[in-house]
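Below is one structure, written out as structure tokens; the observations come after it.
In my numbering, the protein residues as written are 8 to 115.
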């Protein structure tokens, strides 16, 4: 096996693990999420200059229900930006990011 095969296998293993869960009591639900690929990170990086747009886009791209289906669509962007509590959105997105960072730190 090549190093690329090993790297791909490692990422596929991460994706096959159970999604992580964030309880969102303000919304009466849990949001699930999985690791992001570089492609998804690149898509989100386009919005890095505007942290609020970045948070909304992250919520849309990463939020899954208990069955692994996306909870939001791209068409929900305007509603999320205008009609959803930004503190809750930021808290969710921060937990998604912090959880992945902590796991990397614990491994090393």
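Beta carbons are placed, not taken as given, at the ideal position from N, Cα and C, and that holds for glycine. In this text the structure is predicted, and so the values were computed from the model without any measurement.
{"Item": "Between residue 88 and residue 63, which are expected to be in contact by the criterion C-beta below 8 angstroms, what is the C-beta distance as a whole number of angstroms?", "Value": "5 angstroms"}
{"Item": "Going by other Cβ atoms of all chains shown within 10 Å of its Cβ, with 16 needed for buried, is residue 66 buried or exposed?", "Value": "buried"}
{"Item": "Is the number of C-beta pairs between the region 13-28 and the region 40-56 that are closer than 8 angstroms three or more?", "Value": "yes"}
{"Item": "How should residue 51 be labelled, buried or exposed, when 16 other C-beta atoms within 10 angstroms of its C-beta is the threshold for buried?", "Value": "buried"}
{"Item": "Hey, would you say residue 96 sits closer than 8 angstroms to residue 34, going by beta carbons?", "Value": "no"}
{"Item": "Tell me whether the beta-carbon of residue 78 lies closer than 8 angstroms to the beta-carbon of residue 29.", "Value": "no"}
{"Item": "With residue 98 and residue 68 assumed to form a contact (beta carbons below 8 angstroms), what rounded beta-carbon distance in angstroms separates them?", "Value": "Residue 98 to residue 68, Cβ: 17 angstroms. No contact."}
{"Item": "Taking the straight line between their C-alpha atoms, what separation do you get for residue 12 and residue 90?", "Value": "44 angstroms"}
{"Item": "From residue 10 to residue 16, what does the alpha carbon distance come to, in whole angstroms?", "Value": "10 angstroms"}
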